[in-house]
Amino acid sequence: MTTTHKISLTVLIAGLVAGVAALGAFSAFSATTSNTGNSFASGTVAIGDNDGGSAALYTSAGNKPGDSVVSCIRVTYTGSLASSVKLYTPSVITNGTMFNLKVERGTQTTGVFPACGDFAATSTAYDAALGSFPTTYAAGTDGKAAAAAWATSDTVAYRFTVTQNDDPTANAHTAVTSSGSHDFTWEARSN
Amino acid sequence: MVMPRTFVLTLVAVTLAGALAGAKTWAAFTATTASTGDSFASGTVALTDNDSGTAMLSLSAAVPGNSDTGCITVSFTGSVASAVRLYGTTTGTGLDAYLDLKVTRGGFSGAPPAFDSCTTFTADATDYIGSGSGVIYDGTLQAFPDDYTAGNVDPIAAGAETWTTTETHVYKLQVTLQANPSAQAKGATQTFTWEARNT
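Shown next as structure tokens:
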């Protein structure tokens, strides 16, 4: 009795296993189709100038009223995205009211930095006290007149003229007044 | 009834969050180029003398013909070439009309004496205005110019000296009371100013 009962149980278990296997064999038909090779990449924003990396536009000392220094720099946009370029100084300028800065935009094909060669002005970007020059991108002076967009390979030449302002105050210049070292930054931001 | 309402609210919240995230991610690409180390500085204009703040001429209870003489050394210590003019202001009760002033430019031939001694003073060789070697002013104190505009160009208007750093000249000033009865009981106080302006 005992043996027969064991066999019956074994058969029942095997039948159950077979039933599960049969269920797996009934998979659906399938087919696929593909569209391959898709990609997405960023555009570029890049800007450079012709100052050789670190040279100053001007370092001028011993000036008297009316004396000025004139230097030029060419800025070229090499990015692929249309951008807005603005010019500002990130520096703290001292005695800023003592000096006037005029920045003109124009074209230039000759002259090695910082010489101006055949610079021809097309518009004035700034003409006021050196100390009032904007210090942020948001407040910056437009790289192109009317804030026009920059496209790949666009080049604008800038002529900087810094002039010693007059100051007839007696004994006001028995010591040197200096602007201190300052930088100018052209920043491009994609539109 | 309760379940559907909760579902709708959740959807709205998700949509708003998505919109906010979208706005934040639209930052622009940026690039910069710069000109660095720029600087611009003034030169200097500075003129000093050796009087240490004391007067160089004094006449008191003077009688006609009395005079006083003093010498002062004026040095340019600025860096920007300048022209110098001499002038001065007068106060008092009108004696300046009766005081003759002679200003002679020169130098000390030996060691500089103490202010306001004129020992070893040697006048410039040039007779600038026809009043003798080195004389640059010869007239009444009243007629002496009062301001820079009218000032006595050093040493002479027709040939202004361009003063450069460390240039020094000595000026001998002599005042003499005229023999004029109208000068009685009057006084005058004078300031002499040398002013340098860059050229």
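Chains A and B supply the protein sequences, listed in that same order. Heads up: the first sequence runs through residues 45 to 235, numbered per my numbering. Heads up: the second sequence runs through residues 8 to 206, numbered per my numbering. Backbone N, C-alpha and C fix where the C-beta goes; we use that ideal spot for every residue, glycine too. Just so it is clear, the structure is predicted and the values come from calculations on it, not from any experiment.
{"Asked": "Who are the neighbours of Val113 (chain A) on chain B, taking C-beta pairs under 7 Å?", "Found": "Phe47"}
{"Asked": "Output yes or no for whether 7 Å exceeds the beta carbon distance between Asn235 (chain A) and Ala85 (chain A).", "Found": "no"}
{"Asked": "Here's a check: name, in chain order, each residue in its chain whose Cβ is nearer than 7 Å to the Cβ of Gly96 (chain A), leaving out the five neighbours to either side.", "Found": "Phe157"}
{"Asked": "Applying the criterion that 16 or more other CB atoms from any shown protein chain within 10 Å of the CB defines a buried residue, is Ala28 (chain B) buried or exposed?", "Found": "In this prediction, Ala28 (chain B) has a pLDDT of 48, which is less than 50 and means its spatial position is unreliable; nothing more can be read from the coordinates."}
{"Asked": "Are Ile91 (chain A) and Ala38 (chain B) closer than 7 Å when you measure CB to CB?", "Found": "yes"}
{"Asked": "Any beta-carbon of chain A closer than 7 Å to the one on Gly117 (chain B)?", "Found": "no"}
{"Asked": "For Asp154 (chain B), count the other beta carbons within 10 Å of its own beta carbon; 16 or more makes it buried, fewer makes it exposed. Which is it?", "Found": "exposed"}
{"Asked": "Where Ala195 (chain A) and Gly44 (chain B) are concerned, what is the direct C-alpha to C-alpha distance, given to the nearest angstrom?", "Found": "29 Å"}
{"Asked": "Where does Ala28 (chain B) fall in DSSP's three states?", "Found": "Model confidence at Ala28 (chain B) stands at a pLDDT of 48, short of 50, so the residue's coordinates are unreliable and nothing is read from them."}
{"Asked": "What's the gap between the Cα of Phe115 (chain B) and the Cα of Thr97 (chain B)?", "Found": "28 Å"}
{"Asked": "Once you ignore the five residues that flank Val136 (chain A) on each side, which residues in its own chain have a CB closer than 8 Å to its CB?", "Found": "Gly224 and His226"}
{"Asked": "When the Cα atoms are used, what is the spatial distance from Thr88 (chain A) to Thr40 (chain B)?", "Found": "15 Å"}
{"Asked": "Under 7 Å, CB to CB, which of the residues in the region 223-234 of chain A have a partner in chain B?", "Found": "Ser223, Gly224, Ser225, His226, Asp227, Phe228, Thr229, Trp230, Glu231, Ala232, Arg233 and Ser234"}
{"Asked": "According to the neighbour-count rule (16 or more other Cβ atoms, all chains shown, within 10 Å of its Cβ), is Asp123 (chain B) buried or exposed?", "Found": "buried"}
{"Asked": "Determine the chain B residues that contact Pro109 (chain A) at a beta-carbon separation under 8 Å, and present them in chain order.", "Found": "Asn205"}
{"Asked": "Sort out for me which residues DSSP pairs Asp107 (chain B) with in a bridge.", "Found": "B:Thr147 and B:Thr183"}
{"Asked": "Please compile the residues from chain B whose C-beta is within a distance smaller than 9 Å of the C-beta of Ala105 (chain A).", "Found": "Ser46, Phe47, Ala48, Ser49, Gly50 and Ser86"}
{"Asked": "Gly141 (chain B): buried (16+ other C-beta within 10 angstroms of its C-beta) or exposed?", "Found": "buried"}
{"Asked": "Reducing DSSP to helix, strand and coil, say where Thr141 (chain A) ends up.", "Found": "helix"}
{"Asked": "Decide yes or no for the touch test of the region 104-124 of chain A against the region 198-209 of chain A: beta carbon pairs closer than 8 Å, at least 3 of them.", "Found": "yes"}
{"Asked": "Assuming Tyr132 (chain A) is part of the beta strand (DSSP E), what are its boundary residues?", "Found": "Ser127 to Tyr132"}
{"Asked": "By the 10 Å Cβ neighbour count, where 16 or more other Cβ atoms means buried, how is Asp93 (chain A) classified, buried or exposed?", "Found": "buried"}
{"Asked": "Is the beta carbon of Ala88 (chain B) sitting closer than 7 Å to the one on Thr169 (chain B)?", "Found": "yes"}
{"Asked": "Are the CB atoms of Val91 (chain B) and Asp56 (chain B) nearer to each other than 7 Å?", "Found": "no"}
{"Asked": "Could you tell me which residues DSSP puts in a beta bridge with Asp45 (chain B)?", "Found": "A:His226"}
{"Asked": "Can you give me the start and stop residues for the beta strand (DSSP E) that Gly101 (chain B) sits inside?", "Found": "No beta strand (DSSP E) contains Gly101 (chain B), which DSSP labels as neither H nor E."}
{"Asked": "Going along chain A, which residues have a C-beta under 9 Å from Phe199 (chain B)?", "Found": "Under the 9 Å cutoff, chain A gives no residues; its nearest Cβ is about 15 Å from Phe199 (chain B)."}
{"Asked": "Have a look at Trp201 (chain B) and Ala132 (chain B) and give me their C-alpha separation to the nearest angstrom.", "Found": "21 Å"}
{"Asked": "Within the 7 Å Cβ cut-off, does Ala131 (chain A) reach chain B?", "Found": "The displayed chain sequence assigns Leu, not Ala, to residue 131 (chain A). So, not an interface residue."}
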